[in-house]
Amino acid sequence: VKKLSRDGAVEGYVGIGQDISEICELKAVEHKKTQLMAVISHELRSPLHGMIGLTSMMESSAKEEHFKRQLRMVHSCANRLLDLVTNVMDMTDAEQRQGKDRGREKRGLVNFLEVAHEVSVMTGMAIDKAGKPLVHPEVKLVNRLPELERFP
64 VKKLSRDGAV
74 EGYVGIGQDI
84 SEICELKAVE
94 HKKTQLMAVI
104 SHELRSPLHG
114 MIGLTSMMES
124 SAKEEHFKRQ
134 LRMVHSCANR
144 LLDLVTNVMD
154 MTDAEQRQGK
164 DRGREKRGLV
174 NFLEVAHEVS
184 VMTGMAIDKA
194 GKPLVHPEVK
204 LVNRLPELER
214 FP
């Protein structure tokens, strides 16, 4: 902006500046973090898929119910971990899109029926360190959520 004297002659210029180097550094760090999260997530997914497939095969060929139950627990835990990794990847993707599509990102819905079913199954299969069931054999776990037409 020009600075003028009383008679209208230019005496100098006035300017305002801002150092944005710190902002640029933060953006670069955020970009590197996002890339690292994506690589880590992809590297975790491959062995998890292997665990899920292998436990399914082992469960179908296992003779004793005790081993089948343990394999189902490993299978379920691997699926939960895979879901977590997938959620991290989704969040990383959302962060990458945030600058481009601010306000348009979609949120994933939680399937409460699946969660309730999994909690019921995992609770029924829970064992202590000695391998004894944590749920008394006379206790029957009932998941009535699928019967509801809508949630209150």
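Per my numbering, the very first residue in the sequence shown carries number 64; after that it's consecutive. Ideal Cβ placement from N, Cα and C applies to all residues, glycine included. As the structure is a prediction and not an experimental result, all values here were calculated from the model.
Sequence-distant Cβ neighbours of V148 in its own chain, meaning closer than 8 Å and more than five residues away, are S104, L107, R108 and L111. Counting only the Cα atoms, H129 lies some 11 Å from M136. In the pairwise beta carbon analysis, the region 68-81 is classified as not touching the region 113-127: fewer than three pairs are separated by under 8 Å. The beta-carbon distance between A179 and L208, rounded to whole angstroms, is 4 Å. This is short enough to meet the 8 Å contact definition. Bridge partners of L67 according to DSSP: V73. Per DSSP, reduced to three states, the secondary structure at P209 is helical. By alpha-carbon distance to T186, the top candidate from V205, N174, L176 and F175 is V205. DSSP places G116 inside the alpha helix (DSSP H), whose first and last residues are S84 to S124.
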